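A short write-up of the structure that comes next.
Numbering (the working numbering), first residue to last: 99 to 492.
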């Protein structure tokens, strides 16, 4: 009996390389991949707003923040590792091994590139950090002049080249206090194992979250795919290439307003359950041809996940990163994704830029007590507070 999978609401999409299965304890790359997936889907939930497109590349954000964490120290590093879910993992070696596995994929084109851009405000990268990002992330390290207007084009040009032109302008401007950028770029291109016939694509009504209608170009095909038909959601797995080493999961809620609940419950564990339950059967798949583009400042979402000290000049410690690392603080984390799906397959790109700014300790600050203030007189050998008070009228 042929089951049909089509409808008015296209759910979330997930593109990922197949995990290595086995009963033994996961090696570093698999453990790191799982941590990245968990963090990335938490981030997606934080960015998601019902009725609005959302897209994130867990792999891209994680690699940029992993480089940043390896340039941090003390509680700043501990907080980053905790939020990223990578405590206890060999972050450098794990990323080196994970990159090797990802870049070895033969069923799709997958390119991952990293770079670190330092300036006079940051000082040169310290040798230890420079070696880690070169060896474990295959990162290019460049010293540039951020005050030169041409530098913005050079950095964006690097991102554009790494993403095959899909992300030509990741960074909108280089602020005067910007000191350093840690950047990751991901490019993916995969051809469907079973392409859709262009001649079958036709105009159709797509029902929006609020009940409105929008015309889309609906691709259709009937073939055997792994799928799960549940009470609340139907799922199909569309493979890429000959070996199916990469695939796209399509998840379609039964209820037109059911996508928020699906996104809220989307976890690596749920993906694993889909994979275990999926059975290959004949299914009619109807999927809109689409291009999704999302660009966002991740600061608020990252703070909600527990990354706080890195944004606070009083608390941040990036002393292992550069000569003036003790003056650095994360100022912006910019993330952009583009995903294009058509009859032939999928082309997608993502880029993440961690922008560090410098606040020089040598700059003269002003503390003008011309309004109410507090005071504390403390003996330092014992820490005893001798006097404390509030001055409203001197």
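Built from N, CA and C at the ideal position, the CB exists for glycine as well. This one's a predicted model, so the numbers in the text were calculated from it and none came from an experiment.
Top-ranked residue by Cα proximity to residue i, from the options
| i | options | result |
| --- | --- | --- |
| residue 317 | 308, 311, 324 and 298 | 298 |
| residue 440 | 193, 385 and 450 | 385 |
| residue 180 | 136, 443 and 256 | 136 |
| residue 267 | 442, 403 and 392 | 392 |
| residue 274 | 247, 290, 292 and 381 | 247 |
| residue 359 | 331, 438, 335 and 203 | 331 |
| residue 418 | 127, 142 and 166 | 166 |
| residue 376 | 164, 420, 182 and 326 | 326 |
| residue 234 | 245, 216 and 212 | 212 |
| residue 446 | 142, 129, 147 and 155 | 155 |
| residue 236 | 243, 293, 431 and 196 | 196 |
| residue 231 | 169, 342, 210 and 290 | 169 |
| residue 314 | 407, 288, 388 and 422 | 388 |
| residue 343 | 139, 171, 206 and 157 | 206 |
| residue 390 | 241, 438 and 145 | 438 |
| residue 338 | 442, 347 and 290 | 290 |
| residue 288 | 394, 349, 157 and 204 | 204 |
| residue 210 | 252, 173 and 162 | 162 |
| residue 431 | 402, 159, 444 and 146 | 159 |
| residue 370 | 379, 380, 378 and 347 | 347 |
| residue 142 | 199, 224 and 366 | 366 |
| residue 250 | 216, 294, 171 and 190 | 216 |
| residue 262 | 184, 492 and 208 | 208 |
Residue i in three-state terms, based on DSSP
| i | result |
| --- | --- |
| residue 443 | strand |
| residue 188 | coil |
| residue 164 | helix |
| residue 225 | helix |
| residue 304 | strand |
| residue 175 | helix |
| residue 374 | helix |
| residue 339 | coil |
| residue 212 | strand |
| residue 151 | coil |
| residue 266 | coil |
| residue 242 | coil |
| residue 299 | coil |
| residue 383 | strand |
| residue 351 | strand |
| residue 288 | strand |
| residue 344 | strand |
| residue 281 | strand |
| residue 430 | strand |
Proximity test, Cβ basis, 9 Å: residue i and chain C
| i | result |
| --- | --- |
| residue 356 | Absent here is chain C; the protein component of the structure consists of one chain. |
With 16 other Cβ atoms within 10 Å as the buried cut-off, status of residue i
| i | result |
| --- | --- |
| residue 328 | exposed |
| residue 300 | exposed |
| residue 193 | buried |
| residue 374 | exposed |
| residue 466 | exposed |
| residue 271 | exposed |
| residue 363 | exposed |
| residue 134 | buried |
| residue 259 | exposed |
| residue 434 | buried |
| residue 245 | exposed |
| residue 345 | buried |
| residue 422 | buried |
| residue 257 | buried |
| residue 460 | Its pLDDT being 46, under 50, residue 460 is placed unreliably by the model, and the measurement read from it follows with that caveat. Looking at its Cβ environment, which holds fewer than 16 other Cβ atoms inside 10 Å, residue 460 is exposed. |
| residue 201 | exposed |
Presumed contact (8 Å Cβ cut-off) between residue i and residue j, rounded CB distance
| i | j | result |
| --- | --- | --- |
| residue 269 | residue 282 | With a Cβ gap of about 13 Å, residue 269 and residue 282 do not count as contacting. |
| residue 335 | residue 351 | Going by Cβ atoms, the distance from residue 335 to residue 351 rounds to 17 Å, so no, they are not a contact pair. |
| residue 320 | residue 382 | 5 Å |
| residue 284 | residue 448 | 5 Å |
| residue 214 | residue 239 | 5 Å |
| residue 145 | residue 394 | 6 Å |
Cβ-heavy atom distance, residue i to the ligand HEM, below 8 Å
| i | result |
| --- | --- |
| residue 231 | The ligand HEM is not part of the structure shown, which contains no ligands of any sort. |
Count Cβ pairs between the segment 421-431 and the segment 445-458 that sit closer than 8 Å; are there 3 or more? Touching, per the Cβ criterion.
Segment contact flag, the segment 354-363 with the segment 294-311, C-beta cutoff 8 Å, min 3 pairs: As far as the Cβ criterion goes, the segment 354-363 touches the segment 294-311, which means the pair count is three or higher.
With contact counted as at least three CB pairs below 8 Å, one residue from each stretch, are the segment 409-424 and the segment 159-177 in contact? Enough Cβ pairs lie closer than 8 Å, so yes.
Below 8 Å, how does it come out for the segment 277-294 and the segment 213-228: are there three or more Cβ pairs, yes or no? With contact defined as three or more Cβ pairs closer than 8 Å, the segment 277-294 and the segment 213-228 are in contact.
Contact between the segment 126-133 and the segment 142-152 (3+ Cβ pairs under 8 Å): With the cut-off at 8 Å, the segment 126-133 and the segment 142-152 do not touch.
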